[in-house]
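Engineer: Residues 5 to 383 in the numbering used here are what the sequence shown spells out, letter by letter.
Sharing a structure below in structure tokens format, with a few things to ask.
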Amino acid sequence: MTNEIEIGRGKRGRRAYSLDDVAIVPSRRTRDPQDVSVSWQIDAYQFEMPVIGAPMDSVMSPASAIALGRLGGLGVLNLEGLWTRYEDPQPILDEIAVLSEENFNPSATRRLQEIYTAPIQAELITSRLAEMRDAGVTVAGSLTPQRTQEFYKTVLAAGVDIFVIRGTTVSAEHVSKNVEPLNLKQFIYELDVPVIVGGAAGYTPALHLMRTGAAGVLVGFGGGATTTTRRALGIHAPMATAISDIAEARRDYMDESGGRYVHVIADGGMGTSGDIIKAIAMGADAVMLGSALARAEEAPGRGWHWGQEAHHSELPRGDRVHLDTIGPLQEVLWGPSHHTNGTSNLMGALRRAMATTGYSDLKAFQRIDVLVSPYLYNT
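Structure representation (structure tokens):
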């Protein structure tokens with residue numbers, strides 16, 4: 005049976021599903037939530053929860069990355085952001101917070117573009133990562149593929165534990181007649197630290213990224229709450245299908261490689277605990293969160309949220325959006341919650357969902373049954 009449908013006489017397409025289109029199904033067994041583990045390990049690094057802070061300036065500063073690390077997650081600092089362009093980024097953050105509150109405002113976008121023209125300073129990369137390392141947390145930093153060759157030696161010399169290469173779409177083979185492209189396979193092979201790379205949204209591109217030696221692959225295009233990539237470029241991938249496809253690529257790569265396991269990390273479009281739960285049910289090992297953590301009091305954006313796409317110099321395809329600040333990071337992740345909409349106690353919700361459906365750890369929870377209905381929230 006094919007999953008393709010006819011769009012018109014000249015084109016057919018696969019049916020795909022978003023996280024809103026699926027629901028998890030309880031089994032015959034339930035558990036005590038206190039008996040459920042939400043811990044996660046990648047390479048030699050163990051975490052109390054499967055949460056990675058997205059490398060977005062509105063979400064992760066050195067201080068908020070440290071706070072996330074102390075709560076059991078992994079904070080990733082954007083090494084092309086404000087903290088590596090400005091010695092003191094606070095006045096810039098204050099200015100961004102008072103730009104026009106109107107969405108899709110050209111003047112606000114133009115000012116963001118101007119702010120991010122300040123040069124990246126290698127010494128600031130070193131000092132910011134050193135600040136995180138001195139705090140005793142796992143140190144992770146992110147570069148785009150375009151900047152990786154320029155700054156990766158600085159990043160490694162600073163003592164990064166996990167290196168993230170993150171872009172809207174990252175492929176194992178980039179073709180260019182103008183510049184020497186980054187050879188991901190050779191690059192990752194020569195590094196002594198685990199590398200997480202993405203985004204990818206399909207089986208084949210993800211499988212090729214796994215073959216480069218990456219420790220983890222990011223699924224999706226990131227910046228879910230702020231991105232306008234779908235509107236600007238026509239590129240979009242419903243996350244439930246994308247995660248499932250790439251989880252299958254992980255299984256096939258394990259067979260191909262003789263058992264090497266590559267972690268699947270859902271990135272983008274997970275603003276509530278229900279989204280996180282369903283992403284893991286579809287096969288994700290962990291989630292990279294932006295808007296969900298931007299609501300914390302410690303978030304540097306002060307309720308405003310934006311990604312790197314928002315200040316692209318030639319084709320911005322992201323917006324600066326306002327989110328309600330709901331409480332400290334502790335409350336957002338571990339509770340107790342005072343909200344009924346899935347925006348706080350994210351890990352408590354994950355643990356309770358696993359307990360209610362009878363699963364004791366994340367790997368087992370990936371095998372849960374799901375229901376599919378495109379009209380799930382309209383009935």
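In this text, a Cβ means the ideal position worked out from N, Cα and C, and glycines have one as well.
Just so we're clear, the structure is a prediction, and the values are computed from it rather than from any experiment.
In chain order, what residues of the same chain have a beta carbon less than 7 Å from the beta carbon of Gln153, not counting five sequence neighbours either side?
Structural biologist: Answer for Gln153: Leu186, listed in chain order.
Engineer: Please report the Cβ distance between Ile124 and Arg89, rounded to the nearest whole angstrom; I am assuming they are in contact, meaning their Cβ atoms lie under 8 Å.
Structural biologist: Their Cβ separation, rounded to whole angstroms, is 6 Å, which keeps Ile124 and Arg89 in contact under 8 Å.
Engineer: Since His267 and Asp249 should fall inside the 8 Å C-beta cutoff, what is the C-beta to C-beta distance between them, to a whole number of angstroms?
Structural biologist: Contact flag wrong, Cβ pair sits at about 15 Å.
Engineer: List in chain order: all unbroken beta strand (DSSP E) runs of 3+ residues lying wholly within the segment 280-334.
Structural biologist: 290-293, all fully within the segment 280-334.
Engineer: Who are His267's beta bridge partners in DSSP?
Structural biologist: According to DSSP, His267 bridges with Gly220.
Engineer: Going by DSSP in three states, Tyr21 sits in which element: helix, strand or coil?
Structural biologist: Here Tyr21 sits in coil by DSSP.
Engineer: Give me, in chain order, the residues of the same chain whose beta-carbon lies closer than 7 Å to that of Ser377; leave out the 5 immediate sequence neighbours on both sides.
Structural biologist: Once the five neighbours on either side are set aside, the close Cβ partners of Ser377 are Asp25.
Engineer: Going by DSSP, what residue range makes up the alpha helix (DSSP H) through Gln94?
Structural biologist: Looking at the DSSP string, the run of the alpha helix (DSSP H) that includes Gln94 is 94-101.
Engineer: So Leu3 packs on Gly202, CB below 8 Å; how close in whole Å?
Structural biologist: Here the chain comprises residues numbered 5 to 383, so residue 3 is not present and cannot be evaluated.
Engineer: Smallest Cα separation from Ile96: which of Tyr156, Pro110, Glu118, Glu105?
Structural biologist: The option with the nearest alpha carbon to Ile96 is Glu118.
Engineer: Could you check which residue in His212, Leu293, Ala270, Val199 has the C-alpha nearest to that of Ala253?
Structural biologist: Taking only the C-alpha atoms, the option nearest Ala253 is His212.
Engineer: Should Gln312 go down as buried or exposed, given a rule of 16 or more other Cβ atoms within 10 Å for buried?
Structural biologist: By the neighbour-count rule (16 or more Cβ atoms within 10 Å), Gln312 is buried.
Engineer: Where Val102 and Arg115 are concerned, what is the direct C-alpha to C-alpha distance, given to the nearest angstrom?
Structural biologist: Cα to Cα, Val102 sits roughly 12 Å from Arg115.
Engineer: Within the same chain, show all residues whose beta-carbon is closer than 6 Å to that of Gly346, passing over the 5 residues directly before and after it, in chain order.
Structural biologist: For Gly346, where only same-chain residues beyond five positions count, the Cβ hits under 6 Å are Thr276, Ser277, Gly278.
Engineer: To which residues of the same chain is Pro304 closer than 7 Å at the C-beta, ignoring the five residues directly before and after it?
Structural biologist: Closer than 7 Å at the Cβ level, and outside the excluded window around Pro304, lie Asp61, Ser62, Ser65, Ser68, Leu97.
Engineer: Between Ala144 and Ile166, what straight-line distance do the alpha-carbon atoms span, to the nearest angstrom?
Structural biologist: Going by the C-alpha atoms only, they are around 5 Å apart.
Engineer: Identify which residue in Val42, Gly76, Ser131 has its Cα closest to the Cα of Leu83.
Structural biologist: Of Val42, Gly76, Ser131, the residue nearest in Cα terms is Ser131.
Engineer: Do the CB positions of Ala58 and Met292 come within less than 7 Å of each other?
Structural biologist: Against a cut-off of 7 Å, the Cβ pair of Met292 and Ala58 comes out as a contact.
Engineer: DSSP three-state call for Leu186: helix, strand or coil?
Structural biologist: The answer is coil: DSSP assigns Leu186 none of H, G, I, E or B.
Engineer: Please say whether Met53 and Gly79 have beta carbons closer to each other than 7 Å?
Structural biologist: Against a cut-off of 7 Å, the Cβ pair of Met53 and Gly79 comes out as no contact.
Engineer: Which one of Met243, Ala296, Ser295, Trp308 has the shortest CA to CA distance from Ala283?
Structural biologist: The shortest C-alpha separation from Ala283 is found at Met243.
Engineer: Just verifying my parser: in three-state terms, what is the DSSP assignment at Phe167?
Structural biologist: Three-state DSSP puts Phe167 in a strand.
Engineer: Among residues of its own chain, excluding the 5 on either side of Glu265, which ones have a beta-carbon nearer than 8 Å to its beta-carbon?
Structural biologist: In the sequence as displayed, the identity of residue 265 is Tyr instead of Glu. Answer for Tyr265: Arg254, Met258, listed in chain order.
Engineer: Less than 8 Å between the CB atoms is what I'm expecting for Val42 and Met351, so what's the real figure, rounded?
Structural biologist: At roughly 6 Å, the Cβ-Cβ gap stays under 8 Å, so Val42 and Met351 are in contact.
Engineer: Would you kindly check if the distance between the Cβ of Leu319 and the Cβ of Arg299 is under 7 Å?
Structural biologist: No; because the gap between Cβ atoms is not below 7 Å, this pair is not in contact.
Engineer: Which value, in whole angstroms, describes the spacing of the CA atoms of Gly140 and Leu195?
Structural biologist: Their backbone Cα atoms lie some 22 Å apart in a straight line.
Engineer: Tell me whether the beta-carbon of Gly287 lies closer than 7 Å to the beta-carbon of Gln190.
Structural biologist: The answer is no: Cβ separation not under 7 Å.
Engineer: Compare the C-alpha of Glu260 against each of Ile281, Arg215, His240, Thr245 and name the closest.
Structural biologist: Per the Cα distances, Arg215.
Engineer: Between the Cα of Arg356 and those of Thr344, Ala314, Ile281, Asp323, spot the shortest distance and give me the residue it belongs to.
Structural biologist: Checked all of Thr344, Ala314, Ile281, Asp323; the closest Cα to Arg356 is Ile281.
Engineer: Between Ile129 and Thr148, which are expected to be in contact by the criterion C-beta below 8 Å, what is the C-beta distance as a whole number of angstroms?
Structural biologist: No, Ile129 and Thr148 are not in contact; Cβ-Cβ is about 14 Å, not under 8 Å.
Engineer: Between the C-alpha atoms of Glu91 and Glu127, what's the straight-line distance to the nearest angstrom?
Structural biologist: Cα-Cα distance, rounded: 10 Å.
Engineer: Taking DSSP as the reference, what is the three-state secondary structure of Leu83?
Structural biologist: Coil, per DSSP.
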